[in-house]
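*Asks:* Residue numbers for the sequence shown follow the working numbering, beginning at 190 and rising by one. By construction, the Cβ of each residue, glycine as well, lies at the ideal position given by its N, Cα and C atoms.
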Amino acid sequence: MLQGVSVGEEVETEPRRRGGRVVRFAFIVGAVLLLLFGVPWWTLIAGGNHWPTPVFVTGTIVVVLAVAAFPALMFSGHGRHHRDGPAKIADTVLGVVWVLFVWSIIGQVLALVLGLAGVDSPARYRIATAVVTLIALVLLLWGYAEAMRVPRIRRIAVTMPRLGPGLDGLRLVLITDTHYGPLDRARWSRGVTAAVNALDPDVVAHTGDIADGEVSQRREQAAPLGDIQASMARVYVTGNHEYFSGAQRWVEHMAALGWEALHNRHVVVTRGDDSLIIAGVDDRTAAGSGVPGHHADHEAALAGADPALPILLLAHQPAQIGGAVAHGVDLQISGHTHGGQMWPFHYLVRLDQPVLQGLSRHSDRTQLYTSRGTGFWGPPFRIFAPSEITLLTLHAG
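This is the structure:
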């Protein structure tokens, strides 16, 4: 009898835990939304502005409707079905409200300073509101233009002491985080291909997050990747977003476009008497994705490789650098961070990643290059975090 009660209690435990997780998630999401939308509401509409009643009521209604609609739009747009209409609205709203949230906090400080300087209310609050609105408008327009332009070329020289002289000067072009998504950027994609080909690369690497959506949805946008030219190799690894959008289908599609999908495997490129191992591992989220056979496996990626040869590793996230160090990799190339994408979001990115962007050293042998990304995710804005197509010129020691 006692044993039966115990089993019954155990049966009830898992539903209760799931219910508790749902409640906690809903609470966290609600708190974040209230903060993101509430601070701009207080600074621009309520606070000490003393706007006429119609202005206050209209502004408050707009904010309430936005808060109520935003979760549904986000889940519909970025959920399993990737509905582009809701995604466009949700992404744009997220970008706008993030900029307003950041600058509304600064606006509150400005209002305090004006008050200390003797500016009376409501004048000091209305001045702060005007400043916040103007700055936000300028940043959003500029950030949109930055997100939509074909990225500038960023040229980096990397010395690899173990690289043979025959490969000195090897031109490696890195693109990453193209994030083909709700906005049709097929023309932009063709521009990226033209910019890459103009660099006359020996190797072109894509370190993941090709798209937000299934191959069937983003085929046209991704098609120009098939026209990228490289004299030695075109190589690709998965990013975390592939695991929301049919990772294995993207691996197969990239292979169909003529790219080497380095799904925990490597290739060897040779010039003259010298060779370079180019290896790739799945994203670190792959193991928990439920996609059969997908997980980051450095051992498999380097199986059979000559230990005397230098190693270039593709891994989507800078946080995967520990595995590179442990396996004697000479250079890891990564993306994922977007350089923060929208200031000051980079402070949050740094809580999860060891590096935000650029070239860094992590052991006597291992270096890491982290790209700010070629495209953007979600909000169609890049603010103080420009996109890039990276030309890495590899030099022998």
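Excluding the 5 residues flanking ARG407 on each side, which residues of the same chain have their C-beta closer than 7 angstroms to its C-beta?
*Replies:* These residues qualify, in order along the chain: TYR369, ALA400.
*Asks:* I'd like the list of long-range same chain contacts for GLY197, defined as Cβ closer than 8 angstroms, with 5 residues on each side in sequence excluded.
*Replies:* Interpretation of GLY197 is limited by its pLDDT of 46, a score under 50 that renders its predicted location unreliable; the figure taken from the coordinates is listed afterwards. Same-chain partners within the cutoff: there are none.
*Asks:* Please check the pair VAL503 and VAL426, which I expect to be a contact at CB under 8 angstroms, by giving their CB distance rounded to whole angstroms.
*Replies:* Checking the displayed sequence, the identity of residue 503 turns out to be Leu instead of Val. Contact flag correct, Cβ pair sits at about 4 angstroms.
*Asks:* Is it the case that the stretch 354–369 contacts the stretch 313–328, given that we only count it when at least three CB pairs across the two stretches are under 8 angstroms?
*Replies:* The stretch 313–328, when compared against the stretch 354–369, does not touch it at the 8 angstroms Cβ threshold.
*Asks:* I'd like to know whether the C-beta atoms of HIS430 and VAL440 end up nearer to each other than 7 angstroms.
*Replies:* Going by C-beta atoms, HIS430 is not nearer than 7 angstroms to VAL440.
*Asks:* Can the beta-carbon of GLY428 be found less than 7 angstroms from the beta-carbon of GLY397?
*Replies:* A contact, by the Cβ cut-off of 7 angstroms.
*Asks:* If you count every other CB in all the chains shown that lies within 10 Å of the CB of GLN542, and 16 or more means buried, which is it?
*Replies:* Buried is the call here.
*Asks:* Considering only the beta carbon of each residue, do GLY562 and SER576 sit closer than 7 angstroms?
*Replies:* For GLY562 and SER576, yes; Cβs fall inside 7 angstroms.
*Asks:* Run through DSSP, which three-state label would SER478 get?
*Replies:* Three-state result, SER478: coil.
*Asks:* For the stretch 331–392, which segments carrying the alpha helix (DSSP H) assignment without a break, of at least 4 residues, lie completely within its bounds, in sequence order?
*Replies:* DSSP runs (the alpha helix (DSSP H)) wholly in the stretch 331–392: 375–387.
*Asks:* Buried or exposed: which applies to THR249, given that a residue is buried once 16 or more other Cβ atoms fall within 10 Å of its Cβ?
*Replies:* Result: exposed.
*Asks:* If we call anything under 7 angstroms between Cβ atoms a contact, is VAL381 one with VAL339?
*Replies:* Yes, these two residues count as a Cβ contact at 7 angstroms.
*Asks:* Can you tell me where the alpha helix (DSSP H) with HIS584 in it begins and where it stops?
*Replies:* No alpha helix (DSSP H) holds HIS584; the beta strand (DSSP E) holding it covers 577–585.
*Asks:* Looking only at DSSP bridge pairs, what is THR559 linked to?
*Replies:* In the DSSP output, where bridge partners are listed per residue, THR559 has SER523, GLY547.
*Asks:* Considering only their Cβ atoms, is the gap separating ASP463 from GLY646 smaller than 7 angstroms?
*Replies:* In this structure the chain extends from 190 to 586, so residue 646 is not present and cannot be described.
*Asks:* From which residue to which residue does the alpha helix (DSSP H) around LEU305 run?
*Replies:* 273–305 is the span of the alpha helix (DSSP H), which, as asked, contains LEU305.
*Asks:* Taking the alpha carbon of GLY227 as the reference point, which residue from HIS239, ALA257, ARG210 has its own alpha carbon closest?
*Replies:* Nearest of HIS239, ALA257, ARG210 to GLY227, Cα basis: ALA257.
*Asks:* Can you tell me where the alpha helix (DSSP H) with TYR536 in it begins and where it stops?
*Replies:* Residues 535–538.
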